[in-house]
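Working notes, structure below.
Residue numbers (the working numbering): 18 to 271.
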């Protein structure tokens, strides 16, 4: 199994001979709206797709969506929809998102809460995208836990803060690898939308596997960059538990 970090939450998961594009935000740099307005004039995304994406994308034959409604373009933007539709990519999603994605002309394959997935299984884990008064305005989505015989187990957390559901899930299953949203996204007002500093450290304390950081340095409302994250992890003595890939970098999971 391999993971190639593309940009933000977008990545390509290679399982055997299949290449799965997760949460495609494929827009050109600066072509999407701002998510933070106070003292910021930067439009999203802040960076271009990595140079190797064009070559990698030629192998993609599936997509997987964690959430996509209520304007969450950072997980499926207009360019991503167009790309999936044009290439007729089989797109795995939750029952909640199936109607929306079908209405956009995508080739949808609906996943049950626990579902056969290639030669293994995929399980949905509830994600909670914020706390407090912003909660009803956000699209909360799911994470996915993937288990394939002969491969390490993988938990894609999706966009979430830490919750008791996630704590219990991790403690019970102890995934070999966890892809975690470590960018500490936050609007001008309201609570963080992703793991905050203390929750990133907590994740290292409750899990035994390797944590892969994503959702980094591509959106204007992400407050934690890669170097900030390294500093945080080093201060708490858990840097060795994490991999912080660059955009375009491929990781072999074993």
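Beta carbons are placed, not taken as given, at the ideal position from N, Cα and C, and that holds for glycine.
Worksheet item: Based on the DSSP secondary-structure assignment, which residues constitute the bridge partners of residue 204?
Response: Its beta-bridge partners do not exist; DSSP assigns none.
Cβ-Cβ separation, residue 194 to residue 270 (assumed contact under 8 Å), whole Å = 5 Å
Return the chain-ordered ranges of every beta strand (DSSP E) run that is complete within the stretch 106-138 and spans a minimum of 3 residues. 107-111, 124-128 and 131-134
**Asked** Secondary structure at residue 148, three-state DSSP: helix, strand or coil?
**Response** coil
*What first and last residue would you give for the alpha helix (DSSP H) that runs through residue 190?*
From DSSP, the alpha helix (DSSP H) with residue 190 extends over 181-190.
Exercise. Could you pull the start and end residues of the beta strand (DSSP E) that residue 227 belongs to?
Key: 227-231
- Query: Is the stretch 18-25 touching the stretch 254-268 in the sense that three or more CB pairs, one from each, lie closer than 8 Å?
  - Reply: With a cut-off of 8 Å, the stretch 18-25 and the stretch 254-268 count as touching, because enough Cβ pairs lie within range.
CA-to-CA distance, residue 183 to residue 250, given in whole angstroms | 21 Å
In or out: residue 236 buried (at least 16 other Cβ within 10 Å) or exposed? buried
By how many angstroms is the C-alpha of residue 45 removed from the C-alpha of residue 116? 27 Å
Checklist entry - Taking the alpha carbon of residue 192 as the point to measure from, which residue in 248, 77, 225 and 261 has its own alpha carbon closest? => result 225
Query raised in the report: Hey, how far is the Cα of residue 96 from the Cα of residue 186?
Result: 34 Å
Whose C-alpha, out of 128, 166 and 71, is nearest the C-alpha of residue 137? For the residues 128, 166 and 71, the minimum Cα distance to residue 137 belongs to 166.
_residue 241 classed as buried or exposed, judged by whether at least 16 other C-beta atoms fall within 10 angstroms_ = buried
Would residue 131 be called buried (16 or more neighbouring beta carbons within 10 Å of its own) or exposed?
exposed
Practice task
Could you tell me which of 227, 254, 255 and 261 sits nearest to residue 243, measuring between CA atoms?
Solution key: When only C-alpha atoms are compared, the closest one is 261.
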